[in-house]
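What follows is a single structure, written as structure tokens, with notes after it.
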Amino acid sequence: MPYPCVGILVNDKLHRSIPLGKTKYEAVHLYVKAGAKYGFTPCFFRIDDLEPGAQTVNAYVMHSGQFIRKIVPVPEVIHNRAIYNGRKQFRQINSWIKEGKQLFNQWNRYGKLYVQDVLMKDPSLRPHIPATYDASISHIHMMMKLYNDLIIKPNKSSVGRGVMKLEKTVRGWKLTYPASLSIHNRTWRTLTFQGNRLPLLLRSRLQRARYIVQQRLPLATFGGQPFDLRVSVQRGAMGQWQVTGIVAKVASKRCFLTNVAQGGTVYRLEPILIAEYPHLQPKAVIKGIEQFSLQVAEHLGNHLPHMADLGLDVGITIEGFPMLIECNGKDQRYSFREAGMLQEWKATYDNPMAYARYLLDCSSAKAKEELQKTSQPARCLEAIEVRSPSC
């Protein structure tokens, strides 16, 4: 087994699936392949497998074509592919950083409002960010006066779970909502109402969890259905941000969401632009999206601890102007595979391992100084939505 090891931090469900070879959306074999390419062994473990101060960890490694549990030295570099929400996990991760471990994507689930507040600090990004507020009753009323179409979604969620649409009609307002909050929900229902009295169902959901209300963007369409983009932005072998790939997600006729988990279909972007928007120059539009995405990643990388792997949801107008919908710290990479973009799909696994190699090789004082700027432990629990006193 070539040393050193590079850690891949995974959640419990994926950890159980690794020896069975049923890891579904996470292609762990591509980490192994990239590790061999860059001269190290990826080892997969959970947060509770690594005790503070420990010198070794019990992790899955590939041996003779299959995964086995093995005691290995604690990796100096760890790629976080898990999502945690608890205070205990937050402190565990910070303890690793204080011990000198280089953990990139230290925290993968920031609140959407917090991320927007960070991005709004850059004046040049503001025109690309839709109006977004905490979904209090008063904020929803305010947004209803300003816009005819709104999106109401959990402040912390992914794959479209719990998202609702509020749209103005001739007779009042219509709320479209999922019948269940499961990620596998396929049933959508509607309620109509007049005036400012929000439906009981909506008020009830707002009381149970924190939601945001956002201007619904006038997205470009394909075949009459709105689409947005998943843009993978990652640090690579030289430590710099790069766009790994762009894939279009088109909403189904049964749902307003573009998420693949909610029935959306994925395509390459360039054929869509050629077919639907002949007045645009596809290469120029794509270049603009890439430049915008890199700017977002650079800004977040300067304000969030050691970000190196992002999945941006970006919408474009009919004129090709990019608008940021949200940012994901744990990118769902399978969209590229589903679109037949196998080179980009494989690269989404290769680049983080190339970056891990870069971190392993950063031995000069200057490199360490640069890493310290982006690898400081997060200081504010509020930023990650863990319930705690205000910072």
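For the sequence shown, position 270 (counting from the first letter as 1) is numbered 1033 according to our numbering, and the numbering increases by one without interruption.
The beta-carbon is built from N, C-alpha and C at its ideal position, and this holds for glycine as well.
Isoleucine 1049 sits away from glutamate 1039, with the two beta carbons spaced by 8 Å or more. Under the three-state reduction of DSSP, tyrosine 940 is assigned to strand.
In the DSSP assignment, histidine 826 falls within the unbroken beta strand (DSSP E) covering 819-826.
The Cβ neighbour count for threonine 1007, taken over all protein chains shown within 10 Å, is at least 16; the residue is labelled buried. Taking 8 Å as the cut-off, the beta carbon of tryptophan 951 is found closer than this to the beta carbon of alanine 942.
Membership of histidine 904 in the alpha helix (DSSP H) is indicated by the continuous run 900-909. Judged by DSSP in its simplified three-state form, alanine 1110 adopts helix. For the pair of segments examined, the stretch 896-903 was found to touch the stretch 968-984: the number of CB pairs separated by less than 8 Å reaches three. In the structure shown, tyrosine 766 falls within a coil segment according to DSSP collapsed to helix, strand and coil.
By the Cβ rule, the stretch 876-887 does not count as touching the stretch 901-909, because fewer than three pairs are nearer than 8 Å. Distance check between alanine 1071 and each of Asn1091, Phe990, Leu1087 and Leu1043 places Asn1091 closest, using alpha-carbon atoms only.
With respect to the 8 Å criterion, isoleucine 771 and histidine 842 are classified as neighbours on the basis of their beta carbons.
Residue state for valine 1010 is assigned as strand, using DSSP reduced to three classes. For the pair arginine 998 and aspartate 1113, the Cα-to-Cα distance works out to about 10 Å.
In this chain, the beta strand (DSSP E) harbouring glutamine 988 covers 988-998.
Counting along the chain, lysine 928 sits inside the beta strand (DSSP E) bounded by residues 927-932.
Counting C-beta atoms within 10 angstroms of its own C-beta, glutamine 818 has fewer than 16 neighbours from the protein chains shown and is therefore classed as exposed. With contacts defined as CB atoms closer than 8 Å, alanine 983 and threonine 1080 qualify as a contacting pair. Within the same chain, and ignoring the five residues on either side of valine 878 in sequence, the residues whose Cβ sits closer than 6 Å to its Cβ are Cys1090.
Across the structure, asparagine 871 and phenylalanine 853 are spaced so that their CA atoms are roughly 11 Å apart. Pairing arginine 779 with asparagine 857, the inter-Cα distance amounts to about 25 Å. Assignment of lysine 776 by DSSP, reduced to helix, strand and coil, places it in the helix class.
Contact between valine 791 and phenylalanine 808 is absent: CB atoms are separated by about 12 Å, not below the 8 Å threshold. Looking at the DSSP output, tryptophan 951 sits in a beta bridge with Pro941.
Here the alpha carbons of leucine 1075 and lysine 875 stand approximately 12 Å from one another. Counting the other CB atoms within 10 Å of its CB gives aspartate 991 a total of 16 or more, which places it among the buried residues. Of Leu1073, Pro815 and Thr1111, the smallest CA-CA separation from tryptophan 859 is found for Pro815.
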